[in-house]
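Colleague: In full-length UniProt numbering, the protein residues as written are 1 to 273. For every residue, glycine included, the Cβ atom is placed at its ideal position computed from N, Cα and C. Questions regarding the structure given below will be posed in turn.
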Amino acid sequence: MKIRFLGTAAFEGIPSLFCRCELCAKARAAGGKEIRSRTSVMLDDDLKIDFPPDTFMHMVRDGLDLERIKDLIFTHSHSDHLYAEDMAARLPGYAQSAAHPIDVYANDAVLLRIKQTLDFNGGLQGKFTLNQVKPFEQKELQTAVIVPLPASHDPIETCLLYYIEKDGKSILYGHDSGWFPDETWAWLQDKTLDLAVLECTVGRSNYRKTHMNIDAVLETNQRFEEYGILKPGANIVVTHFSHNAQLSHAELTEIFEPHGIQVAYDGMILELL
Ligand SMILES: [Zn+2]
Ligand SMILES: [Zn+2]
Ligand SMILES: [Zn+2]
């Protein structure tokens, strides 16, 4: 399976709009891996996680054919993960899109936002199906089997992590979240993973409640090992970085590489063999 990291930043992106901080200035000058757009990944070409406001740019930059997407799953409704306005671009009159609907799986907050936004444009019109998911309830998608798991993120909605099985590989998509809730750890305990994607939004800050800092990522990795959750040769990837953490790709790599953790960058492709 191929995992494509389309965007790897938190809400503000790096460099951030309007920002004159040191990291944003460096990113503007250096380009390349220092430029981070809002977070999303694509599994093969048919399963996408989240639909951020940078999706147009991801499509153009990586030569994506978004019409190959069969399933679209959402972690939560924050604007760096859900830009429903651009989903309307698949509707008749905007795109000459294929007949099949894209199946959307998300919590109620995300589905409501998508429905309200598309209702302004004549409704779903057979271009999307909306499917509500709940923590621990397994769903069989066209492309994968998923189990949503509780995140520790925004208490006013049911933010979700996902356990995903696709083509014989198992993945934990672990953000946005602070230190995982106990019930998520309990569910994960007897699973084995080929890949875990974690976030490190807040860098060195002493904070791990709704986002992870460096220590929380390292301790999560440690617990994976204690529980025997990682298959031999499993990949751990960190993503969803904020400019406020003031850490470049090179600095993050220096921190995480000794622990066998890969630092994602925009456009990074991981092959699970
Ligand atoms: Zn986010
Ligand atoms: Zn900045
Ligand atoms: Zn969020």
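(1) Evaluate N206 with the Cβ neighbour count: other Cβ atoms within 10 Å of its Cβ, from every protein chain shown; 16 or more gives buried, anything less gives exposed.
(2) Give a single yes or no on whether F120 has its beta carbon closer than 7 Å to a heavy atom of ligand 1.
(3) Relative to the alpha-carbon of N235, which residue among T210, N244, R204 and D194 has its alpha-carbon at the smallest distance?
(4) Measuring straight from C-alpha to C-alpha, what distance separates L252 and V263?
(5) What do you reckon, is the C-beta of P15 under 7 Å from a heavy atom of ligand 2?
(6) Quick check on the DSSP output: the alpha helix (DSSP H) that includes Y94 runs from which residue to which?
(7) Within the structure, which residues are defined as neighbours of ligand 5 by a Cβ-heavy atom distance below 5 Å, reported in chain order?
(8) Below 8 Å, can you find three or more Cβ-Cβ pairs linking the region 60-76 to the region 143-159?
(9) Residues bridged to N131 by DSSP?
(10) Whose C-alpha, out of D119, A109 and L272, is nearest the C-alpha of P232?
(11) In whole angstroms, give me the CA-to-CA distance for S79 and I214.
(12) With K134 and Y105 assumed to form a contact (beta carbons below 8 Å), what rounded beta-carbon distance in angstroms separates them?
(13) For M87, which residues in the same chain have their Cβ closer than 8 Å to its Cβ, ignoring the five residues on either side in sequence?
(14) T192 to S170, Cα distance in whole Å?
(15) Taking the alpha-carbon of D54 as reference, which of D45, V41, D46 and E137 has the nearest alpha-carbon?
(16) Compute every distance between the C-beta of L252 and the non-hydrogen atoms of ligand 2, then say whether any falls below 7 Å.
(17) On a Cα-Cα basis, can you pick out the residue from R38, A151 and K166 that is closest to L141?
(18) Give me the DSSP bridge partner(s) of residue 320.
(19) Opposite K26 in the DSSP bridges: which residues?
Modeller: Considering the structure as presented:
(1) Here residue 206 is taken as the residue at index 206 of the sequence shown, counted from 1. N206 is exposed by the Cβ-count criterion.
(2) Mapped onto the sequence shown, residue 120 falls at position 120. Answer for F120: no, Cβ out of range of ligand 1.
(3) The sequence position of residue 235 within the sequence shown is 235, counting from 1. Ranking T210, N244, R204 and D194 by Cα distance to N235 puts D194 first.
(4) Translated into positions along the sequence shown, residue 252 becomes position 252. Translated into positions along the sequence shown, residue 263 becomes position 263. If I take the Cα positions, the gap works out to 7 Å.
(5) By one-based count along the sequence shown, residue 15 stands at place 15. Answer for P15: yes, Cβ within range of ligand 2.
(6) Working through the sequence shown from its first residue, we reach residue 94 at position 94. Per DSSP, Y94 belongs to no alpha helix (DSSP H) and is neither H nor E.
(7) What this structure holds is ligand 1, ligand 2 and ligand 3, not ligand 5.
(8) yes
(9) The residue labelled residue 131 in the question sits at position 131 within the sequence shown. Paired residue(s): Y105.
(10) For the purposes of this step, residue 232 is taken as the residue at position 232 of the sequence shown. Nearest option by C-alpha distance: L272.
(11) Mapped onto the sequence shown, residue 79 falls at position 79. Mapped onto the sequence shown, residue 214 falls at position 214. Taking the straight line from one Cα to the other gives about 24 Å.
(12) The residue labelled residue 134 in the question sits at position 134 within the sequence shown. The residue labelled residue 105 in the question sits at position 105 within the sequence shown. 11 Å between Cβ atoms; not a contact.
(13) For the purposes of this step, residue 87 is taken as residue 87 along the sequence shown, with counting starting at 1. F51, I114, T117, L118 and F128, listed in sequence order.
(14) Against the sequence shown, residue 192 aligns to sequence position 192. Against the sequence shown, residue 170 aligns to sequence position 170. Between T192 and S170, the C-alpha separation is close to 7 Å.
(15) Numbered from 1 along the sequence shown, position 54 holds the residue referred to as residue 54. Ranking the options by Cα distance to D54, first place goes to V41.
(16) Position 252 of the sequence shown, counting from 1, holds the residue named residue 252. Because no heavy atom of ligand 2 lies under 7 Å away, the Cβ of L252 does not count as near it: no.
(17) As a working mapping, residue 141 is identified with position 141 in the sequence shown. The shortest C-alpha separation from L141 is found at K166.
(18) Nothing about residue 320 can be read from this structure; the chain reaches only from 1 to 273.
(19) Translated into the one-based positions of the sequence shown, residue 26 becomes position 26. The partner list for K26 (beta bridge, DSSP) is empty, contrary to what the question assumes.
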